[in-house]
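In the numbering used here, the protein residues as written are 974 to 1288.
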Ligand SMILES: NC(=O)c1ccc[n+]([C@@H]2O[C@H](COP(=O)([O-])OP(=O)(O)OC[C@H]3O[C@@H](n4cnc5c(N)ncnc54)[C@H](OP(=O)(O)O)[C@@H]3O)[C@@H](O)[C@H]2O)c1
């Protein structure tokens, strides 16, 4: 690893999260100094010459302007998959992006990398996608050298998705007896949507490489791994890689899931947006990302999971 920050300081909003941690590691390997902005500092953080931590909140703006001072670029990762009492999609995606863009402009930070998501479009059915779309539009209108990335499902040992599948496989999370997916037909037997999971390290790699590729400025990239699967076929990859016994894979029909999530009771393990998005394809064409990121060769889901599965904690 290069131990120099001569390439400058890069602010990473959400740098303590799943994608953020891999992105920060990549920045350090590439010789940047990473400045992490999050609401809470991670427990047991240790000093490192190439990492700085600052607390702040991209929704109310606290600490964002000062975090931006002296940076050469910003990678804006903050986003949420479910709304909470404290943070709506509107706040975490639209309001936060407005604040980060304004702070970047004010501090003269010209290079701006933005994390969006596959399926983002103007009239999307899911609020998640709608608010990601409005954030993207603000980025495009900003007078900055921006690049937008739209990954679909991201996997890695610290990701919520991988942890959930592993728990299903171990029979430790509902529905306990099988690995579920949302399916069409009265019994949920029909796989309707395809996904294209990307390994978090492959994603972090393009986020960081974009900083030094001027041809990627003012472009939006769909990005994914090499495999396109239906949900049950993807879950079967985990059956192949994880220790025996194999877990059954069964569909849950969309219609009761939609009805339940429209009036959610506490403890329901999915929300309305997640049910909607599970019924939509989340796949992409890799032509543009391969053209503009020479050598981009993301790992298959099976190879990626094999590379980290033994490092995951047993719980
Ligand atoms: N994971 C996926 O499969 C996936 C797929 C497509 C797109 N994405 C997008 O990728 C991005 C990163 O996702 P992730 O999975 O890495 O999320 P994550 O693990 O939940 O991390 C979120 C990060 O944002 C910080 N954060 C949240 N609210 C904040 C606020 N108001 N102010 C400052 N920091 C805040 C969190 O730290 P604190 O809680 O301490 O503030 C944490 O560092 C998101 O934009 C997401 O929509 C993710």
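Note that the Cβ used here is the ideal one computed from N, Cα and C, for glycine as well.
| field | For residue 1205 and residue 1213, the rounded distance between their alpha carbons | value | In the chain shown, counting from the first residue as 1, residue 1213 sits at position 240. In the chain shown, counting from the first residue as 1, residue 1205 sits at position 232. Cα to Cα, residue 1213 sits roughly 12 Å from residue 1205.
| query | In or out: residue 1302 buried (at least 16 other Cβ within 10 Å) or exposed? | reply | Nothing can be reported for residue 1302: it is not among the residues displayed for the chain, which extend from 974 to 1288.
| query | Is the beta carbon of residue 1078 within less than 8 Å of some heavy atom of ligand 1? | reply | Position 105 of the chain shown, counting from 1, holds the residue named residue 1078. Residue 1078 Cβ: outside cutoff for every heavy atom of ligand 1.
| field | Beta carbon of residue 1200 nearer than 9 Å to that of residue 1274 | value | Counting from 1 along the chain shown, the entry for residue 1200 is found at position 227. Counting from 1 along the chain shown, the entry for residue 1274 is found at position 301. In this structure, residue 1274 lies closer than 9 Å to residue 1200 by Cβ.
| task | Please name the residue in 1094, 1195 and 1164 whose C-alpha comes closest to that of residue 1208. | result | What you label residue 1208 is simply residue 235 of the chain shown in a count that begins at 1. Distance check between residue 1208 and each of 1094, 1195 and 1164 places 1164 closest, using alpha-carbon atoms only.
| field | residue 1120 versus residue 985 - alpha carbon distance | value | Looking up residue 1120 in the chain shown gives position 147. Looking up residue 985 in the chain shown gives position 12. Cα to Cα, the separation comes out at about 14 Å.
| message | Given this structure, state the Cα-to-Cα distance separating residue 976 from residue 1003, to the nearest angstrom. | response | Looking up residue 976 in the chain shown gives position 3. Looking up residue 1003 in the chain shown gives position 30. Caution is warranted here: a pLDDT of 48 is assigned to residue 976, below 50, making its placement in the model unreliable, and no coordinate value can be reported.
| message | Taking the alpha helix (DSSP H) that residue 1071 belongs to, which residues open and close that run? | response | Locating residue 1071 in the chain shown gives position 98, where the first residue counts as 1. Segment 1069-1080, the alpha helix (DSSP H) holding residue 1071.
| task | May I ask you to report which of helix, strand or coil DSSP gives residue 1056? | result | Against the chain shown, residue 1056 aligns to sequence position 83. It is coil, neither helix nor strand.
| Below 9 Å between beta carbons: does that hold for residue 1169 and residue 1234? | For the purposes of this step, residue 1169 is taken as the residue at position 196 of the chain shown. For the purposes of this step, residue 1234 is taken as the residue at position 261 of the chain shown. Cβ atoms of residue 1169 and residue 1234: not closer than 9 Å.
| task | Name the residue from 1248, 1217, 1138 and 1237 whose alpha carbon lies nearest to the alpha carbon of residue 1228. | result | Position 255 of the chain shown holds residue 1228. Measuring from the Cα of residue 1228, the nearest candidate turns out to be 1248.
| task | Would you identify the three-state DSSP class for residue 1272, choosing helix, strand or coil? | result | To locate residue 1272, count along the chain shown from 1; it is residue 299. Correct three-state label for residue 1272: coil.
| message | Buried or exposed for residue 1000, going by 16 or more other Cβ atoms inside 10 Å? | response | On the chain shown, position 27 is the one that residue 1000 refers to. With 16 or more other Cβ atoms from the protein chains shown falling within 10 Å of its own Cβ, residue 1000 counts as buried.
| request: Counting only the same chain and skipping the five closest in sequence on each side, list residues whose C-beta sits under 7 Å from that of residue 974. | output: Against the chain shown, residue 974 aligns to sequence position 1. Note that residue 974 scores 41 on pLDDT, short of 50, meaning its location in the model is unreliable; the coordinates nonetheless yield the value given after this. Sequence-distant partners of residue 974 (beyond 5 residues in either direction) whose C-beta falls short of 7 Å from its own C-beta, in its chain, are 1001 and 1002.
| If you drop the 5 nearest sequence neighbours on each side, which residues of the same chain put their C-beta closer than 8 Å to that of residue 1160? | On the chain shown, residue 1160 is found 187 positions in, with the first residue counted as 1. Once the five neighbours on either side are set aside, the close Cβ partners of residue 1160 are 1224 and 1226.
| said: Could you check whether the region 982-996 touches the region 1050-1060, counting it as contact only if at least three pairs of C-beta atoms, one from each stretch, sit closer than 8 Å? | reply: Taking 8 Å as the limit for Cβ pairs, the verdict is that the region 1050-1060 does touch the region 982-996.
| message | Whole angstroms are fine: how far does the CA of residue 1196 sit from the CA of residue 1262? | response | The residue labelled residue 1262 in the question sits at position 289 within the chain shown. The residue labelled residue 1196 in the question sits at position 223 within the chain shown. One alpha carbon belongs to residue 1262, the other to residue 1196, and they sit about 7 Å apart.
| said: Would residue 1246 and residue 1100 qualify as a contact pair, given that the criterion is a beta-carbon distance under 9 Å? | reply: Position 273 of the chain shown, counting from 1, holds the residue named residue 1246. Position 127 of the chain shown, counting from 1, holds the residue named residue 1100. Taking a C-beta distance under 9 Å as the contact criterion, residue 1246 and residue 1100 qualify as a contact pair.
| said: Could you check whether residue 1097 and residue 1066 sit closer than 9 Å to each other, using their CB atoms as the reference points? | reply: Here residue 1066 refers to the residue found at position 93 when the chain shown is read from its first residue. Here residue 1097 refers to the residue found at position 124 when the chain shown is read from its first residue. Taking 9 Å as the Cβ cut-off, residue 1066 and residue 1097 do not qualify as a contacting pair.
| request: Check residue 1279 in the structure and name its three-state DSSP category. | output: The residue you call residue 1279 lines up with position 306 of the chain shown. Residue 1279: helix per DSSP, three-state reduction.
| task | Please go through the region 1085-1137 and give each complete alpha helix (DSSP H) segment of 4 or more residues, from N-terminal end onward. | result | Taking only runs of at least 4 residues, the alpha helix (DSSP H) segments lying wholly in the region 1085-1137 are 1100-1114.
| said: Can you tell me where the beta strand (DSSP E) holding residue 1025 begins and where it ends? | reply: As a working mapping, residue 1025 is identified with position 52 in the chain shown. Per DSSP, residue 1025 belongs to the beta strand (DSSP E) from 1024-1028.
| said: Taking the alpha-carbon of residue 994 as reference, which of 1063, 1055, 1210 and 1014 has the nearest alpha-carbon? | reply: Within the chain shown, the letter at position 21 stands for residue 994. The option with the nearest alpha carbon to residue 994 is 1014.
| chain D within 9 Å of residue 1021, Cβ atoms only | The displayed structure is made up of one protein chain only, and chain D is not part of it.
| query | In its own chain, which residues sit with a C-beta less than 8 Å from the C-beta of residue 1171, not counting the 5 before and 5 after it? | reply | Taking the chain shown and counting its residues from 1, the one referred to as residue 1171 is at position 198. Correct list, in chain order: 1124, 1125, 1126, 1127, 1128, 1196, 1197, 1198 and 1271.
| message | Please report the straight-line C-alpha distance between residue 1265 and residue 1180, rounded to a whole angstrom. | response | Here residue 1265 refers to the residue found at position 292 when the chain shown is read from its first residue. Here residue 1180 refers to the residue found at position 207 when the chain shown is read from its first residue. Across the structure, residue 1265 and residue 1180 are spaced so that their CA atoms are roughly 12 Å apart.
| said: Helix, strand or coil, according to DSSP, for residue 1001 in the structure here? | reply: As a position in the chain shown, residue 1001 is number 28, starting the count at 1. Helix.
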